[in-house]
Structure formats: C-alpha cells, structure tokens
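Each residue of the sequence shown is one higher than the one before, counting from 221 in this note's numbering. Just so you know, even glycine gets a beta-carbon here, dropped at the ideal spot from N, CA and C. Report on the following structure.
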Amino acid sequence: MPEVITVALDLRAKGNSLANIVDHLDQHHRIKVSRKTILDWQNKFGKKLKSFTQTLKPIIGGQVHADEMFVKIKKEWNYYWDAIDYTTKFLVGDHLSKERNYEECITFMESIKHCPLNQPAQIHTDCSYDYPWPIKKVFGKKGIIHVYYPSWKKKFRNNPIERLHNTEKQTLKTFRNFDNFESTKKFFDFNKTYYNFIRKHTNLNGQTPAEAAGIFLQLQRNRFLSMIKILLKTQTPIN
C-alpha cells in the first residue's frame, strides 16, 4: 500500500487530476480509492513533509529571482508569490495571498530570509512598486542588492522564475479551480516539497534542487517513498 500511495502522490505532483489518478490506480494496480482519499493523502503527507523539510537549510548561490502569478480560487484571482535561487534552482520562499500589497510582500520576503543557511546577495524582481520597501524592511537597507527592470527591457533577466511559473501553470491546468484558499495553500506546500526534493532537473545534471543546495538525503529510486521512510524515523508515526 505505501507504494500505491506514493504513485498517487507522484501523479498528483505531475499535474494529474484526481479522477485520472483514481482511474490509473484501478487499471494498473487493481486498487479502488476515491478522489477524496487521494486528496487526503496529498494533504496529510504534504503537511508532514513540509514540517520535516523546513528543518533542512539549503546553501544557495546568492542570486534569488522572485515574482508572483495569478491563481484562481472559486472564480476569484489570488496571488502566489515564489522565489528561486539562480544557481541551485531551490525554491527558497513562497506565499499565497488574496491581495497584492506591501504587507503580503513582507510576509513573502520573510519566507525567503528564513529558508536558506546563507542570506542571498541579490533579489531580482520586475519593477512592481510592491517590492522595494518590503525588501529593505526585511533585509535592511544595506543587507541586499535589489535588481529590478521593466519586463520589456532587454536587460531584464528574470527568466528562471518565469520558467518555473510556466511549469506550475501547466500543472494547474488540469485542476480547474481550487475549492478554497486553504486547500490551495496545502497544494502549493505539497508541490514545493516535490519541486525541491523529488523532481530532478536536467539543468542541474540530474540532481534535485535540494542536492544542488547541499542537502543529501540519500533517496532511493522511489524518492517519495524514501522521504516518507525518513519521516517515520525522525518524527512521530503518521496517522
């Protein structure tokens, strides 16, 4: 059964709908489960893995790219902010909000500050007015260099985070709309673990961002299952 759960988690992280995962498990594993069961697996293991991975501190290259994208929740547009390290591709910070303003950006910047072992030297963003003041407030006036350009200028280089957003948007296409704010947040928490610790990147010579950032968990071929086994050894049993 653990292998079946990790198959469902892997398919979910790769953008499959709950209905498609139910059909896959029925056809290829002869196991009948409901869509709610799969969603429960995603939320339960996503929460546990988030708590575990937050204790692991990456060593980043120092150049962080940040941006935000629209996410539809019950027919209303919300904002998903995220940032990755240019060198390791590690997703160092993220935040889901209903509004785009200074306060939400401060929360986002604090997630970036508290994630890595070393503080980034630069943060690259577009020219949105939401970024300059929160960056100075969280990192200090001399603590970091804020690089920002209008997106139409040739000098603007925020391609790493834009590529990640393209991947995320492709994943979300099959989900249609999320039901509520909390379920959306739970999915992004789950997806963050998958992106940093499970998904290998060709640009990193087949490593995961976590491995590129100096976090080596010695995961086996079934990386989701390996992480859950590590989780069971380090924390209380999963109920």
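Between residue i and residue j, what straight-line distance do the alpha-carbon atoms span, to the nearest angstrom?
i, j, result
"Pro-340", "Ile-304", "11 Å"
"Leu-452", "Ser-446", "10 Å"
"Lys-277", "Cys-335", "6 Å"
"Leu-259", "Lys-362", "44 Å"
"Ala-286", "Ile-364", "14 Å"
"Ser-331", "Gln-390", "25 Å"
"Pro-380", "Leu-392", "19 Å"
"Ile-251", "Arg-419", "26 Å"
"Asn-236", "Asn-263", "15 Å"
"Thr-257", "Leu-229", "11 Å"
"Thr-226", "Lys-449", "11 Å"
"Asp-246", "Val-253", "8 Å"
"Leu-424", "Asn-386", "18 Å"
"Asn-405", "Lys-267", "It should be noted that the sequence gives Lys, not Asn, for residue 405. About 10 Å."
"Ala-432", "Gln-283", "14 Å"
"Tyr-369", "Tyr-414", "31 Å"
"Phe-290", "Asn-442", "32 Å"
"Tyr-351", "Phe-407", "25 Å"
"Lys-292", "Gly-281", "33 Å"
"Asp-409", "Lys-356", "26 Å"
"Phe-265", "Glu-402", "15 Å"
"Gln-342", "Leu-437", "28 Å"
"Thr-307", "Val-367", "16 Å"
"Trp-353", "Glu-388", "28 Å"
"Leu-384", "His-248", "31 Å"
"Asp-346", "Glu-323", "18 Å"
When burial is assigned at 16 or more other CB atoms within 10 Å of the CB, is residue i buried or exposed?
i, result
"Arg-232", "buried"
"Tyr-349", "exposed"
"Trp-301", "buried"
"Thr-456", "In this predicted model, Thr-456 has a pLDDT of only 48, less than 50, meaning its place in the structure is not dependable enough to derive any value."
"Leu-337", "exposed"
"Asp-243", "exposed"
"Thr-273", "buried"
"Cys-325", "buried"
"Asn-411", "buried"
"Thr-428", "buried"
"Pro-222", "exposed"
"Trp-261", "buried"
"Lys-309", "buried"
"Gly-426", "exposed"
"Gln-313", "Checking the displayed sequence, the identity of residue 313 turns out to be Gly instead of Gln. Per the 10 Å Cβ criterion, buried."
Excluding the 5 residues flanking residue i on each side, which residues of the same chain have their C-beta closer than 6 Å to its C-beta?
i, result
"Tyr-299", "Glu-288, Ser-317, Arg-320"
"Lys-333", "Val-358"
Assuming residue i contacts residue j (C-beta within less than 8 Å), just tell me the rounded distance between them.
i, j, result
"Phe-328", "His-315", "4 Å"
"Lys-295", "Asn-397", "7 Å"
"Phe-417", "Ala-430", "5 Å"
Could you name the residues of the same chain whose beta carbon sits closer than 7 Å to that of residue i, not counting the 5 residues immediately before and after it, in chain order?
i, result
"Ile-435", "Leu-276, Pro-278"
"Arg-255", "Leu-238, Ala-239, Val-242"
"Thr-394", "Gly-235, Asn-236, Ser-237"
Enumerate in chain order the residues of its own chain whose CB-to-CB distance from residue i is below 8 Å, with the five nearest sequence positions on each side excluded.
i, result
"Thr-454", "Phe-272"
"Glu-382", "Asp-287"
Does the beta-carbon of residue i, which I'm using as the reference point, lie nearer than 8 Å to any heavy atom of the ligand GDP?
i, result
"Tyr-349", "Looking at this structure, you won't find the ligand GDP or any other ligand, since it has none at all."
Could you name each continuous beta strand (DSSP E) segment of 3 residues or more that falls completely within the region 230-288, going from the start of the chain to the end? none
Report the residue ranges of all beta strand (DSSP E) runs contained in full by the region 315-379; include only those spanning at least 3 residues, in chain order. 342-345, 365-368
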